[in-house]
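Q: In the order they appear, the protein sequences are chains A and B.
Heads up: the first sequence begins at 1 in this note's numbering, then just goes up one per residue.
Heads up: the second sequence begins at 1001 in this note's numbering, then just goes up one per residue.
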Amino acid sequence: MSSNDHRDSTTVTAADSTATSPSRSGNQAERSSSVDARPERRNSPRTNERQLPSSLLTPPAPAPPPHLDDYRAIIGQADVDALRFLARDLKGKTIKMVNSTAVGGGVAEMLNRIVPLLSELEVPTQWDVITGGNDFFEITKAFHNALHGTKYDLTKAAQQIFLSYNEQNRQRMQFEQDLVVIHDPQPLGLIRSREKSPANWVWRCHIDLSNPDAHVWEFLRPFVEQFDAAIFSSQSFARQLPIPQYLFYPCIDPLSEKNKELPDSVVQKICDEFGIDRSRPIVTQVSRFDRLKDPVGVVHAYKLAKKYVDCQLVLAGGGASDDPEGAVVLQEVKQAADNDPDIIILDLPPWCALEINAIQRASTLVIQKSIKEGFGLTVTEALWKGKPTIAGAVGGIPNQIIHKLTGVLVHSVEGCAFQIRYLLTHPEFAQRIGSSGHEHVKENFLITTNVKRWLLLFRILEEARARKKH
Amino acid sequence: MADGNQMTLRKPQKPFYFNTSENLLRIGRQRAATLAELLEALRSCPEDSIFQHTFRTLQEHHFIRQGFSNDFAHWSVSACNEPVLAEQLASVDVREFTAIEGLRNRMVQIVDQFLKENPRAASHSGHEPFYFCASDIVVLPTSFVADSLPAFLDGLKKVSIHSIHHHFIEARLRLHLMSNDFSQWLEEELGLTHTADLIERIDIYTNTMEGVRQQIARSVEQVLN
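1) State the DSSP-derived secondary structure class of B:Ser1123, mapped to helix, strand or coil.
2) Starting from A:Leu461, trace the beta strand (DSSP E) in both directions and tell me its first and last residue.
3) With a CB to CB cut of under 8 Å and the five nearest residues on each side skipped, what residues in its chain are close to A:Tyr302?
4) Leaving out the 5 sequence neighbours to the left and right, which residues in its chain are closer than 7 Å to A:Thr380 when beta-carbon positions are compared?
5) Could you give the distance in angstroms between the alpha-carbon of A:Gly376 and the alpha-carbon of A:Leu292?
6) Pick helix, strand or coil for A:Pro427, following the three-state DSSP scheme.
7) Comparing the C-beta of A:Tyr246 with each C-beta of chain B, is any distance below 7 Å?
8) Between B:Ser1076, B:Cys1045, B:Thr1206, B:Asp1003, which has its C-alpha nearest B:Ser1125's C-alpha?
9) According to DSSP, is A:Asn339 part of a helix, a strand, or is it coil?
10) Whose CA, out of A:Asn211, A:Arg72, A:Lys96, lies closest to the CA of A:Pro254?
11) I need the straight-line Cα distance from A:Ile114 to A:Pro124, nearest angstrom please.
12) With three or more C-beta pairs closer than 8 Å as the rule, is the stretch 236 to 245 of chain A touching the stretch 1024 to 1033 of chain B?
13) Could you tell me which residues DSSP pairs with A:Trp201 in its beta bridges?
14) So, with DSSP's three-state summary, where would you put A:Tyr249?
15) Taking just the CA atoms, how far does A:Thr58 sit from A:Tyr249?
16) On the three-state DSSP scale, how would you describe B:Asn1225?
17) State yes or no: is the beta carbon of A:Asp178 nearer than 7 Å to at least one beta carbon in chain B?
18) Please state if the CB of B:Ile1199 and the CB of B:Ser1183 are separated by a distance shorter than 7 Å.
19) Against chain B, does A:Asp228 count as a neighbour if the rule is that its beta carbon must be under 7 Å from one of theirs?
20) Keeping to the same chain, check which residues put their C-beta closer than 8 Å to that of A:Val129; ignore five residues upstream and five downstream.
21) Using a Cβ cut-off of 9 Å, pull out every chain C residue sitting near A:Glu443, in sequence order please.
22) Determine the extent of the beta strand (DSSP E) in which B:Lys1116 is found, giving its start and end residues.
23) Please report the straight-line C-alpha distance between B:Ile1110 and A:Gln331, rounded to a whole angstrom.
24) Check whether the Cβ of A:Leu87 lies closer than 7 Å to any Cβ atom in chain B.
25) Please list, in chain order, the chain B residues whose beta carbon lies closer than 7 Å to that of A:Gly76.
26) Note down, in chain order, every chain A residue with its Cβ under 7 Å from the Cβ of B:Val1084.
27) According to DSSP, what are the bridge partners of A:Pro478?
28) Within its chain, find whatever has a CB closer than 6 Å to the CB of A:Thr448; leave out the 5 residues flanking it on each side and keep chain order.
29) May I ask you to list the residues that DSSP assigns as paired with B:Arg1031?
30) If the cut-off is 9 Å on Cβ atoms, which residues from the stretch 1020 to 1040 of chain B count as contacting chain A, listed in chain order?
31) Select from A:Phe232, A:Arg459, A:Val202 the residue whose C-alpha is nearest the C-alpha of A:Ser210.
32) Quick one: Cα of A:Gly275 to Cα of A:Lys452, how far?
33) Does the beta carbon of B:Val1138 come closer than 7 Å to any beta carbon on chain A?
34) Looking only at its chain, what residues have a beta carbon closer than 7 Å to the beta carbon of A:Glu225, apart from the 5 residues adjacent to it on each side?
35) What does a CB cutoff of less than 7 Å around B:Ser1275 pick up in its chain, not counting 5 residues either side in sequence?
36) Going by the CB atoms, is the gap between A:Arg170 and A:Leu188 shorter than 7 Å?
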């Protein structure tokens, strides 16, 4: 029997959607390649799949960014005041942020929120995006993968293309601000403007550099060493460098579509649309259909737990429609689900933030059973919603989940299954870790904390420069 | 004698300025993969690393009532699976120290003793390394200045948890005294010795920082009532 014959496990997909969307990837190259690589399966018949509601077939218009005072109800007046006090001594000083994409991906999403907030605090912040041809973005995509540990044959030609586009951008851009922040490796060559610039220069690396391809890292390292400081998302991502290295955790915006409070009626409506029964326990994993997120392992864990406790499993994610491997993984998940009517598989387009929010809020437990992970913002999202969360002890997840205090960490399918059983049958404990998880995010992983870190860094660098002058 | 039985409160000569401190985490050069390496690094790391992994981490986890004490204890159990060592490290109360060097020596002594008694534990690799970090700290004013006990209570209730941590826990490193800014001011400016003592004795390891705030507020309210 082929997987398409599995009629009972519910799969909701954007199969017929013709809308293009920015991918979740972090750079132009990824966008280009993902469009080129769009698999044929979109047009193939999928008789066991339900269409998404028509309202989800095209992306909604983006909401205007919130103002600082909008966060007061969440973080409190005292913390908003602290931001204003921090910014006071920086008044009039300016920041330039440079990355490689204006839309799509976590960096652009974050800059879309951070830049207006810094400017509102009277630290005018300009955001510039470098340009480049497909050849440049293909190389930087390869660099990205190589820095994550994939072997790469770094040719002279590739180096030349990287340097040449960086030089073109450098000639085009002005660096008259007091702080210049270069995001990720693509614009690293802009550091050559440092000598003629009055700014402090900071490299914000969003990539896990713990095990990079040696050739690519040795090519990029001399650029990095010219900065005044580097920023990483986890202690374990950093390298031995002669410049100060700071830790900025990635963050979520509590007022975004994906994280804002929702009326119960909205949660109910979305659950109804997807056939999720809120009268029974709901166990959810939100992630791309990617082997590194181990969705098949989640299905096995659910099945082991289901022998003891009643629950539904929701696997909500994307990636199956714009990534050939994602489509394969989705099929593997459906095979593992094996007609179980309580397994609901949702292949959602990237703009379904509100739907993800509602599903997370409706969930009794959230799982993120990753085998390899960057920081794991889906964990942050679940914790923010006060959900007891079970997650693999990989990447940045242990920074978020302190075992048995803000969630539970697991290392195997069996461990995951046990924790599902335990948390579903010990609601007081589940509630306690969920509540601590929420506080942990409030303290460390909200966008307002991120703004605070930028202001702190700016002040610290300015003070260091003033000390040097004297 | 309870301070509430005293006659009319005197006017403080100096107001209480509520400040707060914010910190930026700096990733250090040292890391430990085993308990032996942890011991070595504990002996040689900068003082601000000891401060980060004890005083500061307490603030970062201020919402946990029980079970989190310091990063060294947490790593000993979560990465090295050594609950005995973890309990011993967790029992160290940072408020017993008015200087980082004393705190460092205590941590070194505990790990050293444990490894002498359990030499095979020294070279076992943890699930993940311990990364030594440090903090760059910026002290900030708040909009609250108290020139009376009611104003002090009002400020206490409205400042951030970071401000409570700054005045109540980190203060002893500034003061080099077994006290805190709140108790110091209440005693020196208002003569509230008993209240100052009650506040100093609040257990920070079985309370969230919000719970600490509420206990301080209750002690002050008893005087006002």
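The beta-carbon is built from N, C-alpha and C at its ideal position, and this holds for glycine as well.
A: Taking the coordinates as given:
1) Coil.
2) Taken as a continuous stretch (DSSP letters only), A:Leu461 belongs to no beta strand (DSSP E), being part of the alpha helix (DSSP H) at 447 to 469.
3) The residues are Val283, Cys311, Leu313, Ile343, Ala417, Ile420.
4) Result list for A:Thr380: Ile252, Gln400, Val441, Phe445, in chain order.
5) In a straight line, the C-alpha of A:Gly376 is about 12 Å away from that of A:Leu292.
6) DSSP places A:Pro427 in helix when its eight states are reduced to three.
7) It does; some Cβ of chain B falls within 7 Å.
8) Nearest of B:Ser1076, B:Cys1045, B:Thr1206, B:Asp1003 to B:Ser1125, Cα basis: B:Ser1076.
9) Under the three-state reduction of DSSP output, A:Asn339 falls in the coil class, being neither helix nor strand.
10) Ranking A:Asn211, A:Arg72, A:Lys96 by CA distance to the CA of A:Pro254 puts A:Arg72 first.
11) Going by the C-alpha atoms only, they are around 11 Å apart.
12) These segments touch.
13) In DSSP, A:Trp201 forms a bridge with A:Val180.
14) DSSP, read as helix, strand or coil, puts A:Tyr249 in coil.
15) Distance between the alpha carbons of A:Tyr249 and A:Thr58: 31 Å.
16) Annotated three-state conformation of B:Asn1225 is coil, per DSSP.
17) Using a Cβ-Cβ cut-off of 7 Å, A:Asp178 does not count as an interface residue toward chain B, since no Cβ of chain B sits closer than that to its own.
18) In terms of Cβ geometry, B:Ser1183 and B:Ile1199 form a close pair [threshold 7 Å].
19) For A:Asp228, the closest Cβ of chain B is not nearer than 7 Å.
20) The beta carbon of A:Val129 sits closer than 8 Å to those of Val98, Asn99, Ser100, Thr101, Ala102, all from its chain and outside the five residues before and after it, given in chain order.
21) You won't find chain C in this structure, because its protein chains are A and B.
22) From DSSP, B:Lys1116 is part of no beta strand (DSSP E) but of the alpha helix (DSSP H) over 1100 to 1117.
23) Cα to Cα, B:Ile1110 sits roughly 53 Å from A:Gln331.
24) According to the sequence shown, residue 87 of chain A is Ala rather than Leu. It does not; no Cβ of chain B falls within 7 Å.
25) Residues of chain B with a Cβ closer than 7 Å to the Cβ of A:Gly76 are, in chain order, Ser1160.
26) By Cβ distance, chain A contributes nothing, its closest Cβ being about 18 Å from B:Val1084, past 7 Å.
27) Residue 478 of chain A is absent from the structure shown; chain A starts at 1 and stops at 470.
28) Residues Tyr71, Ile75 of the same chain have their beta carbon placed closer than 6 Å to that of A:Thr448, with the five preceding and five following residues left out of the count.
29) Partner(s): B:Tyr1131.
30) When CB distances to chain A are screened at a threshold of 9 Å, the residues of the stretch 1020 to 1040 of chain B falling below it are Thr1020, Glu1022, Asn1023, Leu1024, Leu1025, Arg1026, Ile1027, Gly1028, Arg1029, Arg1031, in chain order.
31) The alpha carbon of A:Ser210 has as its nearest neighbour, out of A:Phe232, A:Arg459, A:Val202, the alpha carbon of A:Phe232.
32) Roughly 41 Å between the two C-alpha positions.
33) Chain A, which has a Cβ nearer than 7 Å to the Cβ of B:Val1138, makes this yes.
34) A distance below 7 Å between beta-carbons, with the five flanking residues on each side excluded, links A:Glu225 to the following residues of its chain, in chain order: Leu241, Pro242, Ile243.
35) Given a span of 1001 to 1225 for chain B in the structure shown, any question on residue 1275 of chain B remains unanswerable.
36) The answer is no: Cβ separation not under 7 Å.
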